[in-house]
Amino acid sequence: MRIASTGLNAERTRIDTIAENIANARTTRTEEGGPYRRKVVIFEPLLMNAVDAHGRKREEVGGVIAARVVPDPTAKPQYIREPGHPDADENGMVAYPSVNTVLEMSDLITAMRAYEANLKAQESFMRMAERALRILN
């Protein structure tokens, strides 16, 4: 049950990150300056965290976590000539994020299916636990 729960949390983070990428696909100026940079989720198995900082074994050993959300290191801005744009440089070029909405939608579908699979696993576990309790009573 915990493993499915960690999968739900990790995929939820992935879905939120993809939604942010799609929402900012045309954002040419961010607080940091420059165009939005596509973000990706870094997953880590909970097995890596089986021991805490003091060397004690943790209860949660299986599963996955969304360790962090980072800018995609391969994402480079796309330059499009738009002389009238407020963010155009002296040559009339505007830097747009390199967010491919088709790819993001494909990733979103994959993440949603993974989320649903984890949800079904959790629901199955709950049904089995419920049946076991009925048998014991």
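In terms of the working numbering, the sequence shown opens at residue 27 and continues consecutively. Yeah, the Cβ is synthetic: ideal placement off N, Cα and C, and Gly gets one too. Note that the structure is predicted; figures quoted are calculated from it, not measured.
Local conformation of residue i per DSSP, three classes
i     : result
Met27 : coil
Glu57 : coil
Arg94 : strand
Distance, residue j Cα to residue i Cα
i      : j      : result
Asp115 : Ala92  : 37 Å
Gly118 : Asn47  : 25 Å
Ala121 : Thr56  : 12 Å
Pro45  : Thr136 : Looking at the sequence shown, residue 45 is not Pro but Ala. Rounded to whole angstroms, Ala45 to Thr136 spans 13 Å at the Cα level.
Leu34  : Glu58  : 31 Å
Rounded distance between the beta-carbons of residue j and residue i, thought under 8 Å
i     : j      : result
Tyr62 : Pro112 : Going by Cβ atoms, the distance from Tyr62 to Pro112 rounds to 16 Å, so no, they are not a contact pair.
Ile68 : Val90  : Contact doesn't hold; Cβ gap of about 11 Å is too wide.
Glu70 : Ala140 : Between Ala140 and Glu70 the Cβ distance is about 16 Å, and since that is not below 8 Å, they are no contact.
For residue i, the nearest candidate out of the options (CA to CA)
i      : options                         : result
Thr100 : Glu58, Asn126 and Leu34         : Asn126
Lys102 : Ile44, Thr39 and Ala51          : Ala51
Asp42  : Lys146, Met138, Gly59 and His80 : Met138
Glu130 : Arg28, Asn144 and Asp98         : Asp98
Arg107 : Arg28, Thr54 and Thr32          : Thr54
ask   = In chain order, which continuous runs of the beta strand (DSSP E) of length 3 or greater are located wholly inside the stretch 105–160?
value = 119–122
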